[in-house]
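For the record, in the sequence shown the residue sitting at position 6 is 453 according to the numbering used here, with numbers rising by one throughout.
The beta carbon of each residue, even a glycine, is placed where N, CA and C say it ideally should be.
Working notes for the structure below.
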Amino acid sequence: MLLYNVTSNVDEAVADAWLFFMRSVHIPEVMATGCFVRTQICQLQEEEDTDGRTYAVQYYCPDAATLDRYQREYAPALRVDLERRFPQQFVAFRTVLEVLA
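In structure tokens:
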């Protein structure tokens with residue numbers, strides 16, 4: 448099992464709207480691809496030297512081939528949509544972790 452983690456720092460001015468969009472539109476669209484078995488969203492509790500809020504959206508994927516398919520077939524359009532809705536109002540970085548236990 449792999450954990451696909453997307454950490455985003457979101458401008459305070461749009462953080463509530465961004466979170467609503469993630470919960471109501473973006474995450475359901477990602478899950479509709481069938482590439483992930485579950486998801487969760489977390490908020491960093493101790494923010495230092497930032498003008499926004501930091502969230503980690505975590506998607507659980509059964510294997511590397513499925514994650515590769517998601518990144519190739521679905522992720523580009525989903526990222527463009529998110530960037531179009533919140534232009535220059537967030538930065539994101541992605542990591543892949545192996546779930547060991």
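So for E530, helix, strand or coil by DSSP? In the sequence shown, residue 530 corresponds to position 83, counting from 1. E530 falls in the helix class under three-state DSSP.
Determine the closest residue to F483 out of R531, Y517, P534, L544, with distance taken between C-alpha atoms. Within the sequence shown, numbered from 1, the residue matching residue 483 stands at position 36. Answer by Cα proximity: Y517.
Taking only the alpha-carbon atoms, compute the straight-line gap between P509 and T486 and give it to the nearest angstrom. Here residue 509 is taken as the residue at index 62 of the sequence shown, counted from 1. Here residue 486 is taken as the residue at index 39 of the sequence shown, counted from 1. Their backbone Cα atoms lie some 12 Å apart in a straight line.
With DSSP collapsed to three states, give me the class of L450. Locating residue 450 in the sequence shown gives position 3, where the first residue counts as 1. If DSSP states are grouped into helix, strand and coil, L450 belongs with the strands.
Going by C-alpha distance, which of L544, Q535, H473, T480 is nearest D458? On the sequence shown, position 11 is the one that residue 458 refers to. Per the Cα distances, Q535.
Tell me which same chain residues have a C-beta within less than 7 Å of the C-beta of F540, skipping the five on either side of it? Position 93 of the sequence shown, counted from the start, is the residue given in the question as residue 540. Only T454 meet the Cβ criterion.
Measuring straight from C-alpha to C-alpha, what distance separates V504 and F537? Looking up residue 504 in the sequence shown gives position 57. Looking up residue 537 in the sequence shown gives position 90. Cα to Cα, the separation comes out at about 14 Å.
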